[in-house]
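Student: To start, I am sharing the structure in question, which I have written as structure tokens.
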Amino acid sequence: MMSTFKKIWKYKKGKWGLSILAFFSLIAVSADFIANDKPIYCRYEGQAYFPIMHEYGESLWVSSNYEFLDRRSWQDLDLEKVIFPIIKFSPSDIDQNSSASSPPGTTIRSGNITKKHWLGSDSIGRDVAAGLVQGTRKTFIIAFFAMLITCLIGFVLGVLSGYYGDKTIRMSVWGLVLFLVVLFLIWFQVIYGHWSFVLAIMLSLVSVFLVVFLDARLLGKKIFIPLDMLVMRMIEVFKSVPALFILLALLAIISKPSILTLIIILGLLRWPTIARVLRAELLALKEKNFILSARALGASNFQIITKHLLPNALPSLLTIIAFGFAGTILLEATISFLGIGLSAEEVTWGSILSEARTNFGAWWLAIFPGAAIFLMVVACNYLGDTLNEISLSSD
Amino acid sequence: MLSYFFKRVLFFIPTVFFVGLFTFFLFHMSPADPIASLLSIDGFEDDVMSDDQYNSQYKRMAGELGLDLPKFYFSIVPRYYPDTLHKIIDKTEKKQVIALLTHHNDWEAVSSFINQGKFLLGELEDTESRLLIGDLLNDRRSKAHDMDILSSMEGQEREDITAFIDKAKNIRQVKKSNFAIPKFLWFGFNNQFHSWMSKFFTGSLGRSIQDGRSVWSKISKALVWTLFLVVVGLFVAVLISVPLGVWSASNVESRMSKFFTNFFYFIYAMPLFWFATLMVVFFTTSQYGNWTNIFPGVGISPYSSGLSIWSKIIANSKQLILPVFCMVLHSVAYLSSIVRNSVIAESKQAYKTTALLKGLTKRATFWRHLFPNSVLPLVTIIIGIIPASLAGSLVIEVIFNIPGIGRLIYDSIFGNDWYVIFSIVMLVGVVTIISYLIGDLLYSFLNPKIRFGNNPKG
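Residue numbers (my numbering), protein chains in the order written: chain A, 1 to 395; chain B, 1001 to 1458.
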């Protein structure tokens, strides 16, 4: 892993890509300390407080509310010493003093504190910079976990079709039929409310094991299971409707999705690319001599896949993952921009940008969030290009 | 070649079937009730008519839409289910029946309970007891509440309600087996999925539940705008990007070529919706200087009635410049880099040297050997980006307010207009599949390796 980073760092594009991504992930991790309406540190009546850390404690149930404070009144206290974050707004903080969109650099006094909208504010007075910072975190969370799901599905299906292929797995016809019937019966009970979900999962696992162990003993004709054909047909069906339209149809049903549902939906969309690339890689790799030798040494399929095949396929997989990451970010931003993503209170890059459409005068709403998406996408593309070059040069 | 052709076309059918199945499934997941919406468009309102009248209208409309048919060719349900569950059209009622059935595996008892409940609802006058019956049917019952009502009643009504409460208690007692034995029901071709698919391919897609107009007329009007954007956009993009890519590849070292490569790299990474928004914000108003009002404002007047759609496009041609420009620039960014890379890759091949060595001029080498080989993959790529440009066109249509397919599906999502949404998804799916098919066939036709025998796999 470390050596991959070192290799990437040697390329100019790779250096830029990694730096930008590192910058954004730093913002994502420390978002609460960069943009917040609470101070990081303050002294009040002779005592020191760390309000932002304290809030983490509150959400973990280890510390209780500050009693001297109702939530929004930091500006009215006489603090002896105070350190504020760079952006003195929370993303959903609606600024009462200037409700209209104010240009970058506008300074507001509220109580004892001077606040500055570094990148301006939107039409209901929410700070753009704070929104961008919080949006970074959301973008990362959504794209990361969505790609995780995508990779899981893509890896499994890619290995099934590329490594096992059409002519590896053999099952006796009766065993297969019996297995499918049993599996059907188990899940039938769950659907019609007779068994619990957990029981069904356990029983399914048991029946899978039974099939694996008993299949050799079952009589009857044995047939190959055309895994490759099945996966390729699945990919073909999946690719036949553009992702954005599938997304629209799904979001039409689940209006106002939560972050979790959005992650799941986005994660289910992009696996065909990964499965395809992995399949192509495995098809080429599995005929190579080192795989034959590994098999001759008695390595199991699992060992061959995890120890020999996946590491060798990694560069091209990482390439496709980097591009997929960019694509997921773009897709998420697109649906937020169209106003059918996360609910309106959740500020994301796309949702800030979409406000520029109704507010032509506010150029800062058009430039900054778009630039953030753009930078992110360019960084991922740079990384993808670099990884691609690395994988080509290592061949 | 011919067998390859048939093989590809044969794969087309199951793909369309599954895409149809997927959209149909989503359609039935959707929460809205198209029957009620269509009835209210036709002027039948729930609260104006009597219940009986409304119900009969409801049934009639359900029959018209085919929603009283079974959903699929077959169904596998537990043995205690009735064969005709699909006759219950109302989604909440169906849920209620299924909840009761799951709890108490006896269709006779459940149906008589529900029928009696409905009968009582029809007979009883006062709201209190109607509420009680409704609660009992829905399994939301408070005991203290029952007694209050009963004490204020007398005679036949009291007896009826007491009997019903007893029945409800009986039904609430679990009578549930531990294992549901499945039963297979075959419905034949007279089902919703089949009629939905055949209606889709004969062009009668039903009515929009927003305004009652036929979905097909809505879609076909919108389709012209989208086709215009996509086709003109791609056409212009190809016209620009092929010469540009070739030029850029043959002058790799020149400063201009490097500039263009980098420029398009960034344009391609720029989200289309950001680029379009920037254009709209900065170049359609004179807010940022006297010269920035280059393009006309956003928005097409779609209801300039009386004009044919083509004359509408011509009338709005000024408004279309900017959207087409955005789409073209984005496609050029992608296509020109592909042409460039492909030409560069081909010029490293040995056959180029061979051609030069046997005495062909550079020009002839390029046009006879390099160019055909490097442009060939472009056929598949251009056709392959049709789906992507449909998606791009969606964003552009929303930003520039063009009444195309994308705008239509976008508006339909906010209006819960399922018939329109799923017809469009299905349409886009079929267009995509067909375009892939054409791309494959065209590629195999243009590629001599495939044209003369040597069938490729898959």
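Positions of the beta carbon are idealized from the N, C-alpha and C atoms, including for glycine.
Assign B/K1169 to buried or exposed, taking buried as 16 or more other Cβ atoms, counted over all protein chains shown, within 10 Å of its Cβ.
Tutor: Result: exposed.
Student: Checking contacts by CB at 7 Å: is A/Y192 closer than that to chain B?
Tutor: Closer than 7 Å: yes.
Student: Check the C-beta distance from A/D122 over to A/F89 and give it rounded, since I have them as a contact under 8 Å.
Tutor: The pair is not a contact, with the Cβ atoms about 11 Å apart (cut-off 8 Å).
Student: Would you kindly work out how many angstroms separate the C-alpha atoms of A/A100 and A/L310, rounded to a whole number?
Tutor: Their backbone Cα atoms lie some 54 Å apart in a straight line.
Student: For A/E389, which residues in the same chain have their Cβ closer than 6 Å to its Cβ, ignoring the five residues on either side in sequence?
Tutor: Once the five neighbours on either side are set aside, A/E389 has no close Cβ partner at all.
Student: In whole angstroms, what separates the C-alpha of A/K13 from that of A/I263?
Tutor: About 29 Å.
Student: Mapping DSSP to helix, strand and coil, what is A/P257?
Tutor: Three-state DSSP puts A/P257 in coil, outside helix and strand.
Student: Please classify A/W61: does DSSP put it in a helix, a strand, or coil?
Tutor: Looking at A/W61 - three-state DSSP - the assignment turns out to be coil, as it is neither helix nor strand.
Student: Does DSSP put B/T1380 in a helix, in a strand, or in coil?
Tutor: Helix, per DSSP.
Student: Does any CB atom of chain A fall closer than 7 Å to the CB of B/F1018?
Tutor: Taking Cβ atoms only, chain A reaches closer than 7 Å to B/F1018, which makes this a yes.
Student: Checking contacts by CB at 7 Å: is B/T1226 closer than that to chain A?
Tutor: So no, B/T1226 is outside the interface.
Student: With burial defined as no fewer than 16 other Cβ atoms inside 10 Å of the residue's Cβ, what is the status of A/Q134: buried or exposed?
Tutor: Its Cβ being crowded by 16 or more others within 10 Å, A/Q134 is buried.
Student: On a CA-only basis, which of B/R1255, B/W1310, B/V1238, B/N1316 is nearest B/L1329? Give me that one, please.
Tutor: It is B/V1238.
Student: Under a three-way DSSP split, which group does B/T1361 fall into?
Tutor: Correct three-state label for B/T1361: coil.
Student: On the DSSP bridge list, what partners appear for A/T110?
Tutor: Looking at the sequence provided, one finds Ser at residue 110 of chain A rather than Thr. For A/S110, which the question treats as bridged, DSSP gives the partners A/I113.
Student: Hey, B/F1018 and A/V237 are a contact pair by Cβ (cut 8 Å); roughly how many whole angstroms apart?
Tutor: Yes, they are in contact, since the Cβ atoms of B/F1018 and A/V237 sit about 4 Å apart, within 8 Å.
Student: Can you pull the DSSP bridge partners for A/C42?
Tutor: For A/C42, which the question treats as bridged, DSSP gives the partners A/Y49, A/V82.
Student: Contact criterion: CB-CB distance below 7 Å. Does A/N381 meet it with respect to chain D?
Tutor: No chain D is part of this structure, whose protein chains are labelled A and B.
Student: Nearest-angstrom Cα distance between B/S1444 and B/P1243?
Tutor: B/S1444 and B/P1243: Cα-Cα distance of roughly 24 Å.
Student: Measure from the alpha carbon of B/P1082 to the alpha carbon of each residue in B/F1263, B/A1062, B/F1266, B/S1112, then state which is nearest.
Tutor: Comparing Cα positions, the closest option is B/S1112.
Student: Determine the extent of the beta strand (DSSP E) in which A/P103 is found, giving its start and end residues.
Tutor: Neither: A/P103 is in no beta strand (DSSP E) and is coded neither H nor E.
Student: Of all the CB atoms in chain B, is at least one closer than 7 Å to the CB of A/S240?
Tutor: Yes, contact with chain B.
Student: Could you round the C-beta distance between A/I52 and A/F33 to whole angstroms and report it? I think they count as a contact, below 8 Å.
Tutor: That belief holds up - the Cβ atoms of A/I52 and A/F33 are roughly 6 Å apart, short of 8 Å.
Student: If you draw a straight line from the C-alpha of B/G1233 to the C-alpha of A/S30, how long is it?
Tutor: Going by the C-alpha atoms only, they are around 43 Å apart.
Student: Under 7 Å between C-beta atoms, does B/P1456 make it to chain A?
Tutor: Below a pLDDT of 50, predicted positions are generally treated as unreliable, and B/P1456, at 46, falls in that range; no measurement from the model is reported.
Student: If A/I396 and A/G125 are in contact, beta carbons under 8 Å, what's the gap, nearest whole angstrom?
Tutor: Not covered by the structure: residue 396 of chain A. The range shown for chain A is 1 to 395.
Student: Could you give the distance in angstroms between the alpha-carbon of B/I1382 and the alpha-carbon of B/D1042?
Tutor: Their backbone Cα atoms lie some 45 Å apart in a straight line.
Student: Along chain A, which residues have their Cβ under 8 Å away from the Cβ of B/L1278?
Tutor: Result: A366, I367, G370.
Student: Near A/Y163, which residues of its chain fall below 7 Å by C-beta distance, leaving aside the five closest residues on each side in sequence?
Tutor: If we look at A/Y163 and ignore the five residues flanking it on each side, its Cβ neighbours are L282, K286, I305, L309.
Student: Can you tell me the Cα-Cα spacing of A/L18 and A/P226, whole angstroms?
Tutor: Roughly 41 Å separates the two Cα atoms.
Student: Please classify B/E1346: is it buried, with 16 or more other beta-carbons within 10 angstroms of its beta-carbon, or exposed?
Tutor: Burial call: buried.
Student: With a threshold of 7 Å between beta carbons, is A/E332 in contact with chain B?
Tutor: Chain B contact via Cβ: absent.
Student: Using 7 Å as the limit for Cβ to Cβ distance, is A/G361 near chain B?
Tutor: It does: the Cβ of A/G361 has a partner Cβ on chain B nearer than 7 Å.
Student: Identify the contact partners of B/T1380 in chain A, using a Cβ-Cβ distance below 9 Å as the criterion.
Tutor: What B/T1380 touches in chain A: nothing, since even the nearest Cβ is about 13 Å away.
Student: Measuring only between beta-carbons, confirm whether A/A249 sits less than 7 Å from chain B.
Tutor: Yes, its Cβ sits closer than 7 Å to a Cβ of chain B.
Student: At 7 Å on the CB atoms, spell out the chain B contacts of A/E345, in chain order.
Tutor: None at all; the shortest Cβ gap to chain B is about 18 Å.
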